[in-house]
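For any residue, its number in this note's numbering is found by taking its place in the sequence shown, counting from 1, and adding 27. Backbone N, C-alpha and C define an ideal beta-carbon position, used for all residues, glycine too. Everything numeric in this text was worked out from a predicted model, so none of it was measured. Contents: one structure, followed by commentary.
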Amino acid sequence: MKTVEDSRTEQVHLIMHQHLNAGGRLFGGMLMQWVDEVSGVVAMRHCGTYRVTTAAVDNLQFKEPVYEGEILVMIGYVTYVGNTSMEVEIDSYVERGDGMRYLVNRAFSVMVAVDKNERPTRIPGLIIHTEAEKGRHEAALLRRDMRKERRDAGF
Numbered sequence: 028m029k030t031v032e033d034s035r036t037e038q039v040h041l042i043m044h045q046h047l048n049a050g051g052r053l054f055g056g057m058l059m060q061w062v063d064e065v066s067g068v069v070a071m072r073h074c075g076t077y078r079v080t081t082a083a084v085d086n087l088q089f090k091e092p093v094y095e096g097e098i099l100v101m102i103g104y105v106t107y108v109g110n111t112s113m114e115v116e117i118d119s120y121v122e123r124g125d126g127m128r129y130l131v132n133r134a135f136s137v138m139v140a141v142d143k144n145e146r147p148t149r150i151p152g153l154i155i156h157t158e159a160e161k162g163r164h165e166a167a168l169l170r171r172d173m174r175k176e177r178r179d180a181g182f
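Now the structure itself:
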């Protein structure tokens with residue numbers, strides 16, 4: 028069993044010209060890549076293996092623009108664990124010159140641990156300590172059920 032803090036990951040990026048789209052804002056695809064990287068690191072830390080893969084990514088909604096010279100802070104942690112998969116929440120913030128952080132995106136990734144034959148393998152359970160962790164876990168259960176409903180409907 029592992030705690031949420033055992034795999035919590037924070038990644039920081041200084042936004043430079045090569046990260047921008049034609050409109051001068053952070054390219055959405057760049058953020059998507061970083062979301063996947065943070066999810067992978069969180070999953071690897073939780074599972075104790077490098078053999079993890081992304082099964083799904085939910086909720087990529089861009090709430091705040093990010094410009095060149097600003098700092099992007101990404102924080103990822105496990106919210107739910109099943110037998111072979113887990114949900115990872117990744118919160119992305121822009122840290123502006125005033126020192127304040129503004130939510131850019133909240134994404135949820137479903138990560139699966141696999142063995143050397145690329146077959147799903149069991150992962151450690153999740154120990155919930157705080158009320159905040161409990162609330163995130165309960166919300167993750169609802170998202171899990173919604174994913175199952177969408178999958179059954181052909182999405």
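Does the Cβ of residue i have 16 or more other Cβ atoms within 10 Å, making it buried, or fewer, making it exposed?
i    : result
M138 : buried
L99  : buried
E32  : exposed
E114 : buried
I150 : buried
E145 : exposed
G67  : buried
A140 : buried
V39  : exposed
T157 : exposed
E176 : exposed
Which same chain residues, not among the five before or five after residue i, have their C-beta less than 6 Å away from its C-beta?
i    : result
T118 : In the sequence as displayed, the identity of residue 118 is Asp instead of Thr. I102 and R133, listed in sequence order.
E122 : I98, V100 and R128
P92  : R52
T36  : V65, V68, V69 and G103
V62  : I117 and A134
G181 : none
Excluding the 5 residues preceding and the 5 following residue i in the sequence, name in chain order all residues of the same chain whose CB lies nearer than 8 Å to its CB.
i    : result
G55  : N48, L87 and F89
M28  : P151, G152, L153 and I154
G75  : P151
R174 : A83, D85 and V137
K143 : R78
Our contact map puts residue i next to residue j with C-beta atoms below 8 Å; I'd like the distance itself, whole angstroms only.
i    : j    : result
S34  : R72  : 4 Å
T106 : A159 : The pair is not a contact, with the Cβ atoms about 10 Å apart (cut-off 8 Å).
D85  : R178 : The Cβ separation is near 12 Å, so there is no contact.
Y120 : V131 : 6 Å
Looking at the secondary structure, which residues open and close the beta strand (DSSP E) in which residue i lies?
i   : result
Q38 : T36 to L41
Here's a check: name, in chain order, each residue in its chain whose Cβ is nearer than 7 Å to the Cβ of residue i, leaving out the five neighbours to either side.
i   : result
M57 : H46
M43 : E95
L41 : I98
T16 : With the chain running from 28 to 182 in the structure shown, residue 16 is simply not present.
Q: Taking only runs that begin and end inside the region 106-166, name each unbroken beta strand (DSSP E) of 3 or more residues, in chain order.
A: 112-122 and 128-140
Q: Kindly provide the ranges of any alpha helix (DSSP H) runs that are 4 or more residues long and lie completely inside the region 50-111, ordered along the chain.
A: 55-74
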